[in-house]
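Accompanying notes for the structure given below.
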Amino acid sequence: MLTGKNLVAGETVDSADGRFAAVGALAHFDEASRAHVDSAADAAAGAFDAYRAMPADARATFLDRIAAAIEANDELIDAAHAETALPVQRLTGERARTANQLRLFAALVREGSWVDARIDRALPARTPLPKPDIRRLLIPIGPVAVFGASNFPLAFSVAGGDTASALAAGCPVVVKAHPAHPGTSEIAGRAIVDAARAAGMPAGVFSMLQSTRNEIAQALVQHPQVKAVGFTGSLRAGRALFDAAAERPEPIPVYAEMGSVNPVFVLPGALAERAASIAEGLKDSVTLGVGQFCTNPGLTIGVGDDRFDAFVHQLDGLMSAAPSGTMLTSAICESYKAGVRRLSGIDGVSTSRSPQTSQQEAQALPSLFVTDGGAFLRHHEIAEEVFGPSTVVVRCGSREELEAVARRLEGQLTATILGTAADLEQYASLVSILEQKAGRLIVNGFPTGVEVCPSMQHGGPYPATTDSRSTSVGTAAIHRFARPVAYQNFPQSLLPPELQNANPRGIWRLVDGQLTKDAV
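Okay, here's the thing in structure tokens:
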């Protein structure tokens, strides 16, 4: 049964700050107070030293237990379906992804080489000055605040990738659950609490706060015990958290994944070969999950000719025939409809479907807009994200104009090129441009699939994220919540095991510039 309570250091706590209910009305939930923020952050700080000192296998076992609890809980699927209207099949797959990424981090922690151990041995006879013994590795940064996302109630929420990577790094976590799915969040939060108890973790290793209020989010980010933030959501909210963290007496990093229009460049040779399949694949990618993916392709760009015009006509027919879908919340749907109306009102932008003003609550129709390269270059707002099932086709007059459009783009999570081998050779300079714009470049695919694996980069230049050097998907995400420390002239007895001569953990280390697992 849902309690509707906040979870602080493994215990339910009462609140007198009001209650709220989400779509689906599974229960009413207590609004967290500033006192709850203080208690959760202080508990995380109190647990930090004990948790980071635990053997790697103990942290890995904790992550494995969370994965098993999430995987076995069908109530989680039922609650998420009721609160988000996402299909059960989609949620079942998302649950598997959530469990798999927890296990991926467990394996990473057990293996241990992620700490990037580096050893430069002393050279006492070096002249004119002797060289000291210096050893460096990554250590956990401290308590982390994680903000759940609306569009992934499992994989980017309470037990999602930010929580998994922070716990893997050795950082206690305080989650601010998303108010669009509080019941789902409570069930996932309780699974983490149960796993923490079973694994013998300190109680403050995990807390979860429920709130609809911006001041609670700001209080969490500005709490002096919080040392980093993970966020997935809108540009407006992500930037507000980033600014709040920068205003602290001690600024902290905010790893915010925000807006992206994920441009797709359709090159001439690809259209000559497979225009029909490209149109079908693009329609599927744009409308997947009612367009509520951070990698939804919101721009489709090509060089205009008769074949390109025929492709656009075919895509328009497919989009017009696509059914409406229920979006996550009425507020998100209203924002989508407002975005559609905004695009419809821009000079030089056309659409075959009238602005969506009369659709049922939370129901969104797919939309296709068409413009030319000149209008795109004149109107920056064409490139602003509309979160939902829409894309803007940009018809360029030449390859040069297509590249000018590419240069005008802001930072993106992804950029896609659909082309033949000859296209890719002819447009090689486009790749160089897009390398400066996006975190992941895709050839002959669509961006809406984000594989959870060590090589994945899910991030990009601002405004896609607040730190283009980081990723929120894949094992490299652990580095967001760690910082380097160098130990100079330390005795073996005081060094972390990963830096000791014997290499008791058997990890890969950079010793005097050479990568090795050998003892020193």
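Mapping of the sequence shown onto the numbering used here: residues 6 to 525, in sequence order.
Heads up, the beta-carbon is just placed ideally off N, CA and C, and yes, glycines get one too.
Under the three-state reduction of DSSP, Leu134 is assigned to coil, being neither helix nor strand. Residue environment analysis places Leu96 among the buried positions, since at least 16 neighbouring C-beta atoms fall within 10 angstroms of its C-beta. The residue from Gly205, Leu214, Met206 with its alpha-carbon nearest to that of Gly194 is Leu214. In this structure, DSSP gives Asp19 a state outside helix and strand, which the three-state scheme calls coil.
Around the beta carbon of Gln493, a 10 Å sphere encloses fewer than 16 other beta carbons of the protein chains shown; the residue is thus reported as exposed.
Taking a contact as a CB-CB distance under 8 Å, the pair Ala85 and Pro158 counts as one, their CB atoms being some 5 Å apart.
Contact between the segment 131–145 and the segment 484–499 is present, with at least three C-beta pairs closer than 8 Å. Nearest C-alpha to Val354 among Gly379, Cys338, Ala250: Gly379.
Ranked by Cα distance from Ile387, the first of Asp83, His484, Arg347 is Arg347. Under the rule that a run must span 4 or more residues, the alpha helix (DSSP H) segments found entirely inside the segment 229–290 read 240–251. His385: not part of any beta strand (DSSP E); DSSP gives it neither H nor E. In the DSSP assignment, Tyr492 falls within the unbroken beta strand (DSSP E) covering 487–493. Between the C-alpha atoms of Gln230 and Ala50 there is a straight-line separation of about 6 Å. For Ala203, the uninterrupted alpha helix (DSSP H) segment begins and ends at 187–203. Residue environment analysis places Ser190 among the buried positions, since at least 16 neighbouring C-beta atoms fall within 10 angstroms of its C-beta.
Annotation note: the segment 149–192 contains the following uninterrupted beta strand (DSSP E) runs of length 3 or greater, listed N- to C-terminal: 149–152, 178–182.
Nearest neighbour of Pro145 by Cα position, chosen from Glu36, Arg64, Val198, turns out to be Arg64. Between Ala196 and Ile82, the CB-CB gap reaches or exceeds 8 Å.
For Gly307, the enclosing beta strand (DSSP E) has its first and last residue at 304–308. Counting along the chain, no alpha helix (DSSP H) covers Gln417; the unbroken beta strand (DSSP E) around it starts and ends at 417–423. Segment contact: the segment 287–298 against the segment 446–465, three or more CB-CB distances shorter than 8 Å; contact assigned.
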